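Protein chains: 2
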Amino acid sequence: MTRQSFVVDTSASPHALLRPLPLQGVTIRDRFWAPRIATNTQVTLPSQYAHCEETERIANFRRAAGTEAGDFVGLFFNDSDVYKWLEAVGWNDAISDSPGLSIIRDKVVADIVAAQRTDGYLNSYFTKERSDDRWTNFDLHEMYCAGHFFQAAIAIYRTSGARTALDAACKMADHIDATFGPASDGKRPITDGHPEVELALVELYRVTKEQRYLTLADFMVSVRGANQLGNQKFDNLYYQDHKPYRDLHDVVGHAVRMLYLAAGATDLWLETGEPALKAAIDAQWQNLTQKRMYVSGGVGSRWHGEAIGDDYELPNPTAYTETCAAIASVMWNWRLLQGTGDAKYADLMEWTLYNGVMPGLSVSGNEYFYQNPLENDGTHRRSAWFGCACCPPNVARLLAQLGSYVASVDSQSLWIHTYMQGDIDAAGSGLDAAVSVTTEYPWDNTVRITVTRGGQWTLRARVPSWASGATVTVGGVRQNAEPNTYVALRRAWQVGDEVVLVFPMQPRLIMAHPSVINNNGRVAVARGPLLYCIEQVDQSMPVASLRIDPRTQWAEATGPVALGAHTLLHAKGYSTSTPEDALYAPWRHDAGQPVRLTLVPYHLWANRAAGAMTVWIPLA
Amino acid sequence: MTRQSFVVDTSASPHALLRPLPLQGVTIRDRFWAPRIATNTQVTLPSQYAHCEETERIANFRRAAGTEAGDFVGLFFNDSDVYKWLEAVGWNDAISDSPGLSIIRDKVVADIVAAQRTDGYLNSYFTKERSDDRWTNFDLHEMYCAGHFFQAAIAIYRTSGARTALDAACKMADHIDATFGPASDGKRPITDGHPEVELALVELYRVTKEQRYLTLADFMVSVRGANQLGNQKFDNLYYQDHKPYRDLHDVVGHAVRMLYLAAGATDLWLETGEPALKAAIDAQWQNLTQKRMYVSGGVGSRWHGEAIGDDYELPNPTAYTETCAAIASVMWNWRLLQGTGDAKYADLMEWTLYNGVMPGLSVSGNEYFYQNPLENDGTHRRSAWFGCACCPPNVARLLAQLGSYVASVDSQSLWIHTYMQGDIDAAGSGLDAAVSVTTEYPWDNTVRITVTRGGQWTLRARVPSWASGATVTVGGVRQNAEPNTYVALRRAWQVGDEVVLVFPMQPRLIMAHPSVINNNGRVAVARGPLLYCIEQVDQSMPVASLRIDPRTQWAEATGPVALGAHTLLHAKGYSTSTPEDALYAPWRHDAGQPVRLTLVPYHLWANRAAGAMTVWIPLA
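So the protein sequences, as listed, match chains A and B. Under our numbering, the first residue of the first sequence carries the number 1, and numbering increases by one thereafter. Under our numbering, the first residue of the second sequence carries the number 1, and numbering increases by one thereafter.
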C-alpha cells in the first residue's frame, strides 16, 4: 500500500464533521497551481535551502551540537525558518520525486537532532552561549520554534516514515510537558509569547495518540490572560494575553500570533468539542470577517506591532497584511471547515489563498513579500530573503501541502472545497469514491467533475459565495445552485457520470463598509475567486489619477504569458489631473480624460516593472 | 511719543522691499480675531503660566540659580516653552492693558536671568546636575532654547523698554559667538540640531546693530551639510544637515526645524541679499507648495521624525501637521513677503493662519492640538497641555503679534496683506497714512477701506488668490481686480475717501494633484480664505459614509454662536452603506441615500462633541 500522508489529520477527531484526504489522494494538473507547485519544488525549496545555509541558520544547529566552530548567528527564532522549510520539504516528498531534496532533508534533520540536549531541550539559540537563559523569557519564541519543529517532524514522518525527527520532537514535547503546566501539578504556569505550539501539540497528539500533548495544548490555550508572560516588550493585548482565551471575542494584537492561536484553539476544539471554546472562536471569526479583514483576505492593519487594527481600521498603503497572517488564516479556516462543513470557511480559505497568500510569492518562485499593501507607489518590491524570514518557508510549506485543502470526506460524501483540474481519490480516507476534475478555474466559469470510481455516495461540491446564478447539471438536468453552500448530489454513481458546475464570473465591483473611511468613494474589482488591481505598467496615465466608471462595459483578455495564463480585465475609466501639475486646483466637472483601464489579478502585481498599484479604485 | 514695537523689524534691512508696521499701528476690532486675541490675553496666557509653574518649568530656572531646592524636572528643552510664553506676554503688552501679566513677566525674567552663568551661558537643564555636559550634544536644543530666549528678550525690550532680558540675551549670544564659529577663527564649527537661533540672531542684530550676531547667524546657516552635528538620533536629512543649505532645493526632514531654518535663512537674505541663498529658499518654497503641503497649509506628513514626507506623500488621517510647523510657515512667508511684496506669500500666510494654525487652538483658548490631521475618527482631541509643550505658547505668541502681519509700508505705499476690521496707522513706520477697515471678512465678501489720514500715497490692497471676479471700487468707479496681486491705487487721498473691495466667496471645490493618491476621487471645500470640513456632530449619517454631489446648490447659514460668528455651508450629498453592515458587499448603483451635508470651517472642528471629521470628501 502506498503511504497516505495527512497534513492536518482530523481522521479520528471526534468533533470533526469532515475527514481529510491524504496528499496522495489529490493530483493537481491545472494551469494555475500545478506550475506554482512545480516551481516550489524546483526553485523555491532549493533556493531557500541555500539562504538557510548562507545565513548560517543551519550552521547554528551544528554549532549548538559542537560539530562546527562559532557562535549563534542571526535572530533568536531563526531555527523556525529551517523547521518550516523542512516541513515544506517533508510534504513535498509526497507529491514529487525530488531525491536531491530528500538527501538534504535527512542531512538537516541530522544536524538538528544532534543539537538536542539530553533532557530533550532543542533550540540552537539557547544551547551554547545562552544555555543559562533558556526558558527565562517567553517572548523569545522557544515554544514557537518547538511547534515548528513538531510540524516538520510530523510531515517527515507522515510522508517518509522516518522517525528520527519525530522521536526528537516527542523528546522536546516531553521536556516541555514536564516543565510547564498548571502550578497545581508542580509545573511552571507560563504563557507563551508567540502561539504556534498549540496546533503543533494537537497534531503531535494525533500522530502519537499521547493524551499528554493534547492536555498540554489545552493548558497553553487556557493559561492566557493570567499575566504569566513576563519580560514582554509590548502590552498584553499584543500577545492575546489580556484576557482568558474563552473570553476573547475579537481578533487583536499581533496578527500572526492571533491567527495561529485561533487555529490551535480550533484544533483543540476538534478534539474536545468544548462549547465555550467554540463560542469564542466563532466570535473571533465574526469580528475578523466583519470588521478587521482586508478585502484581499489579508490581516494586519499596522506596521507597529505587526498588529490587527481596530474595527474598520484598514488603511491601504500602510497595510501590514503579512503573508504569514494570510497563511495562518487559511490554516484556521481549514480547521473550522473540517469541524463544521460550512461553505463560508472554504470560501474564505480559497479567497485568502488566491488573494492574501499568493501576492506574497513572485511568479519566479524566489522572491517574497513580507507585507502585502493594497496600494503602493511602486517602491514596495519583493525580496529574495529577509532577516526575519518567516514568510518564505511558510509559503513553501503551504504550496507543498496544497492538495490536502482541495477535498474532504465524511462517511457518505466526497466534499470538494476548491476547484483545480486534476484527480481526487478518496480511497485513502476510507470512502470508495474518485473523480476527475476538468476546469480552467479560477479563469473560467465551468467545472466538469467526472466520476472515475462509482458507488453509492454523495458528491458535495462547493458553490462560491460570489457565484450568483450558479448552476449544476447532472444527468442532463440543470438546476440552480445556491451560492456559499455545497450542492449535495447523492446517487449510485457510475464511472463516467458527469457533473457540470457553472459559476458566473462576470467582473464585479465591491464596496466597503462606509466606516472603512479610506475606501469610501472607491471600489475593488473581482472576477470569480480573484481580486484585481490596476498596476502602472498597464496604464496610459498615472495610477494615482485613475478612476473607474462603475457602469463600464467589461472586456476580458489574456494577459502576458510570462506571468502564467491569466485573464486581464479592461474597463472604462477616466484620468484626472490638475492644471500645470498644481498641488491643489479648483475641481472641474470635465476633469476626466477617458482612458481604458487594464486590471490584473492582485496576486500578480509587482512581477513586472515597478510602479504604482491600487486595489481600491476611485469611482468616476 | 508712544512706543513703536516691531515684531520682525525689517525697517532697516537693505533687501526688504517692505517695512513693517509696529504692533501699535494696527487695531483689530473684528468678530473673528478680536475675540481670539482677547481670549489669548485673558485665558491662554494666564493658564499657560499656570502650566509652566505646575510642571516646574519656571522652577527649573530657580533651581539652576540655586534659589530653590531640587533638580531639573521635565524635558531638556522645557526652557523654550517659558521663553515662548514670555515672548507672547511681551507682545501682548503692546496691544492690551494687563498689569497682572506684566508683573508675572518681570518675575519670570528675574528667575531666568538669575540662572545665567557668569560666562553668559543660560540653560536650566545644563546648569546644575549636568553642567559638565553643556555644549556636548547639539541635538539637545541648547541653541534652540537660546534663540527663543533672544526672541522673548527682544519682545519685552521692544514693548516695555526693559533691558534686563535683552542684556542677558546679548551675554548669551556673546558667549555663543565666542565659542562657535569657523574653525579658522579658532572656534568650534558645530551644526545645531534644531534651527531657531538663526532668525533670533538676525533679530538680535537688528535690535542691537551688533554685526557679530548677523555673522554668527550666517555661520549657523552655512555650516550645515558638513556633518558637524554628532550625537544625533536621526539621519542627517532629518536635521537638514545632509547638504549645504544653499544646495537644499526641497523641504525635508523634521518639519519645524526645516521651516524655522528657512525663516532664519530668509532673515539672513533680507540683510545680505545673497542670490545663492535666495535661490535655495525659492526652490524650497516651490517644493513645499507644489509637492509637500497639506491643503490646510499644514506641513509634516509623518509621525515618525515629525517629518515632511516625500513629494505628494500627504495622507490625511496620519497627517502630523504640527501646529508649530504651520506657525513656522507663517513666519517664513512673512519674511518672504517683506522681501518681495509678492502677493503669493501673503496669500499662503493668511491661508495657513486660518487653516493651518487656528485648528491648533480651541475656541475656549485653553486646549491645543499638537497634530492637525485632515481626517479623524473622533479620537483626536485637544489637550490642555503637553509634555512636549512647544505648540501652546507658539500659538499664543503668534496671536499676540498678529497685528504686525496685517500691513506693511514702503516709502510710497501702504500695503494691506489681510483684512480684519479695525484701524491701520502707518505713522510709526514713517508713512503718513492711515485707514480704517470695515468688513466681516473672512465671512463676508466686502471690504471697505476708508482713508482716515490723507496724502499722496499708494494704497496696495491684496486680492486673494481664490477671489476670481474680484472688483475694486474707488471714487464710484468699479474695476476688476486680478487675483493673487495687490491692486495699486495711487492718488492724493482725502480723509473719508473709500475703497470697496469685493472678493466673491461662493463655496468652491478643490481637487488635489492625482499623485496625492489618497485624495483621488475626493474634493475639499473652501469658501473665501477658509477651508471647510464635515464633522460628525452636524451630520445625520456617519461621516465615513458621506459623499458630496459636486454639482450641489450651496446654502449658507450662520453657525452656533458658541463657536463665534461663523458661516456654515450646506450641500447635497449621499450616504452610502453596505447591506447588513457587511464589511464588503457588491457595489450598487443606488447605494446613495440623499442627505444634506453640513460643512464647518476646519479650524473650528473638535470644539463640540467628539466625532469623525474629514476635509477631503469623496465625490458622489
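We put the CB at the ideal spot given by N, CA and C, even for glycine. Since the structure is predicted, the reported quantities are computational estimates derived from the model, not experimental observations.
*Closer than 7 angstroms at the beta carbon, the chain A residues around S515(B)*: By one-based count along the second sequence, residue 515(B) stands at place 515. Correct list: P542 and A544.
*By the criterion of Cβ-Cβ separation under 7 angstroms, what are the contact partners of L459(A) in chain B?*
As a first step, residue 459(A) is located in the first sequence; it is residue number 459 there, counting from the start. The contacting residues do not exist; L459(A) stays about 29 angstroms from chain B at best.
_With a threshold of 7 angstroms between beta carbons, is M511(B) in contact with chain A?_
Reading the second sequence from its first residue, position 511 is the one you call residue 511(B). Look at M511(B): its C-beta is under 7 angstroms from a C-beta on chain A.
*Output the distance between the C-alpha atoms of W332(A) and A69(A), rounded to the nearest integer angstrom.*
In the first sequence, the residue the question calls residue 332(A) occupies position 332. In the first sequence, the residue the question calls residue 69(A) occupies position 69. About 41 angstroms.
*With respect to the alpha helix (DSSP H) encompassing D423(A), which residues constitute its N-terminal and C-terminal limits?*
For this step, residue 423(A) is matched to residue 423 along the first sequence. Per DSSP, D423(A) lies in no alpha helix (DSSP H) segment; the continuous beta strand (DSSP E) that holds it begins and ends at G422 to D425.
*Examine chain A for any beta-carbon lying closer than 7 angstroms to the beta-carbon of N287(B), and answer yes or no.*
Along the second sequence, one-based indexing puts residue 287(B) at 287. No, its Cβ sits nowhere closer than 7 angstroms to a Cβ of chain A.
*In its own chain, which residues sit with a C-beta less than 7 angstroms from the C-beta of H566(A), not counting the 5 before and 5 after it?*
Walking along the first sequence from the start, residue 566(A) turns up at place 566. Excluding positions up to five away in sequence, the list reads W443, G559, P601 and L604.
*DSSP state of M1(B), grouped into three classes?*
As a first step, residue 1(B) must be located in the second sequence, where it is residue number 1. Its pLDDT being 38, under 50, M1(B) is placed unreliably in this model, and the value from its coordinates should be taken loosely. The answer is coil: DSSP assigns M1(B) none of H, G, I, E or B.
*CA-CA distance, Q539(B) and V595(B)?*
Here residue 539(B) refers to the residue found at position 539 when the second sequence is read from its first residue. Here residue 595(B) refers to the residue found at position 595 when the second sequence is read from its first residue. C-alpha separation (whole angstroms): 9 angstroms.
_Measuring only the C-alpha atoms, how far is Q673(A) from K128(A)?_
A query on residue 673(A) cannot be resolved here, the shown segment of chain A reaching from 1 to 620 and no further.
*Taking the Cβ atom as the reference point for each residue, do H194(B) and R257(B) lie within a distance shorter than 7 angstroms?*
As a position in the second sequence, residue 194(B) is number 194, starting the count at 1. As a position in the second sequence, residue 257(B) is number 257, starting the count at 1. In contact: H194(B) and R257(B) (Cβ atoms closer than 7 angstroms).
*Roughly how many whole angstroms lie between the Cα atoms of N607(A) and K278(B)?*
Position 607 of the first sequence, counting from 1, holds the residue named residue 607(A). Position 278 of the second sequence, counting from 1, holds the residue named residue 278(B). If you draw a straight line from the Cα of N607(A) to the Cα of K278(B), it comes to about 45 angstroms.
*Anything in chain B within Cβ reach of P586(A), meaning under 8 angstroms, just list it in chain order.*
Translated into positions along the first sequence, residue 586(A) becomes position 586. The contacting residues are R508, L509, I510 and M511.
*Buried or exposed for W303(A), please, with buried defined as at least 16 other CB atoms from any protein chain shown within 10 angstroms of its CB.*
The residue you call residue 303(A) lines up with position 303 of the first sequence. Residue environment: W303(A) is assigned as exposed (fewer than 16 neighbouring CB atoms within 10 Å of its CB, all protein chains considered).
_Would you call the region 178-198 of chain B in contact with the region 250-270 of chain B, where contact means no fewer than 3 C-beta pairs closer than 8 angstroms?_
Judged by Cβ distances under 8 angstroms, the region 178-198 of chain B makes contact with the region 250-270 of chain B, as three or more pairs qualify.
*Rounded to the nearest angstrom, how far is the Cβ of Q536(B) from that of A620(B), given a contact under 8 angstroms?*
One-based indexing of the second sequence puts residue 536(B) at position 536. One-based indexing of the second sequence puts residue 620(B) at position 620. That belief does not hold up - the Cβ atoms of Q536(B) and A620(B) are roughly 19 angstroms apart, past 8 angstroms.
_Chain-ordered neighbours of I375(B) on chain A, where CB pairs are closer than 9 angstroms_ = If you number the second sequence from 1, residue 375(B) lands on position 375. The residue asked about is misnamed: residue 375(B) is Glu in this sequence, not Ile. Close partners of E375(B) in chain A (Cβ separation under 9 angstroms): I517 and N518.
_Any beta carbon of chain A sitting closer than 7 angstroms to that of L268(B)?_
Indexing the second sequence from 1 puts residue 268(B) at position 268. No, no contact with chain A.
*Could you give the distance in angstroms between the alpha-carbon of N287(A) and the alpha-carbon of T27(B)?*
Working through the first sequence from its first residue, we reach residue 287(A) at position 287. Working through the second sequence from its first residue, we reach residue 27(B) at position 27. As the crow flies, the alpha-carbon of N287(A) is around 59 angstroms from that of T27(B).
*Taking any Cβ of chain A, which residues in the region 519-530 of chain B have a Cβ under 7 angstroms from it, in chain order?*
Correct list: N520, G521, R522 and V523.
*Hey, is S296(A)'s beta-carbon within less than 7 angstroms of any beta-carbon in chain B?*
Position 296 of the first sequence, counted from the start, is the residue given in the question as residue 296(A). Output row for S296(A): interface = no.
*If the cut is a Cβ gap below 8 angstroms, which residues of chain B does A582(A) touch?*
On the first sequence, position 582 is the one that residue 582(A) refers to. Under the 8 angstroms cutoff, chain B gives Q290 and H513.
*For N92(A), collect the residues of the same chain with a Cβ closer than 6 angstroms to its Cβ; drop the 5 residues on either side in sequence, then sort them by chain order.*
Within the first sequence, residue 92(A) is the residue found at index 92, counting from 1. Only T41 and A400 meet the Cβ criterion.
*Cα-Cα separation, L214(A) to D111(A)*: Counting from one through the first sequence, the residue named residue 214(A) turns up at place 214. Counting from one through the first sequence, the residue named residue 111(A) turns up at place 111. Going by the C-alpha atoms only, they are around 28 angstroms apart.
*C-alpha gap between Q240(A) and L268(A), whole angstroms*: The residue labelled residue 240(A) in the question sits at position 240 within the first sequence. The residue labelled residue 268(A) in the question sits at position 268 within the first sequence. Q240(A) and L268(A) have their alpha carbons spaced roughly 17 angstroms apart.
_Checking 7 angstroms against the spacing of the C-beta atoms, do N60(A) and S131(A) come in under that value?_
Sequence index remark: in the first sequence, residue 60(A) carries index 60 (1-based). Sequence index remark: in the first sequence, residue 131(A) carries index 131 (1-based). No, the pair does not count as a contact, with Cβ atoms beyond the cut-off.
*asked:* I need the straight-line Cα distance from I517(A) to S545(B), nearest angstrom please.
replied: Position 517 of the first sequence holds residue 517(A). Position 545 of the second sequence holds residue 545(B). About 7 angstroms.
*Could you list the residues in the region 568-579 of chain A with a C-beta less than 7 angstroms from some C-beta on chain B, going in chain order?*
From the region 568-579 of chain A, only T576, S577 and T578 have a Cβ closer than 7 angstroms to chain B.
*Taking DSSP as the reference, what is the three-state secondary structure of N376(A)?*
Here residue 376(A) corresponds to residue number 376 of the first sequence, with the count starting at 1. Strand.
*Over what stretch of residues does the beta strand (DSSP E) that includes Q240(A) continue unbroken?*
Sequence index remark: in the first sequence, residue 240(A) carries index 240 (1-based). Looking at the DSSP string, Q240(A) is not in any beta strand (DSSP E), and its letter there is neither H nor E.
*Rounded to whole angstroms, what's the CA-CA distance from M143(A) to F77(A)? Just pull it up for me.*
The residue you call residue 143(A) lines up with position 143 of the first sequence. The residue you call residue 77(A) lines up with position 77 of the first sequence. Computed Cα separation, rounded: 10 angstroms.
_Checking the sheet assignment: what are the DSSP bridge partners for Y584(A)?_
Within the first sequence, numbered from 1, the residue matching residue 584(A) stands at position 584. DSSP lists A512(B) as partners of Y584(A).
*Measure the alpha-carbon distance for F32(B) versus A12(B) and round it to whole angstroms.*
Residue numbering aside, residue 32(B) sits at position 32 when the second sequence is read from its first letter. Residue numbering aside, residue 12(B) sits at position 12 when the second sequence is read from its first letter. Going from the Cα of F32(B) to the Cα of A12(B) covers about 32 angstroms.
*What three-state label does DSSP hand Y294(A) in the structure shown?*
In the first sequence, the residue the question calls residue 294(A) occupies position 294. Y294(A) sits in coil when the DSSP states are folded into three classes, being neither helix nor strand.
*What distance in whole Å lies between the Cβ atoms of N372(B) and A319(B), which are believed to be in contact at a cut-off of 8 angstroms?*
Start at 1 with the first residue of the second sequence, and residue 319(B) comes out as number 319. Start at 1 with the first residue of the second sequence, and residue 372(B) comes out as number 372. Yes, A319(B) and N372(B) are in contact; Cβ-Cβ is about 7 angstroms, under 8 angstroms.
*Looking at the structure shown, is V595(B) part of a helix, part of a strand, or coil, going by DSSP?*
Here the question's residue 595(B) lines up with position 595 in the second sequence. V595(B): strand per DSSP, three-state reduction.
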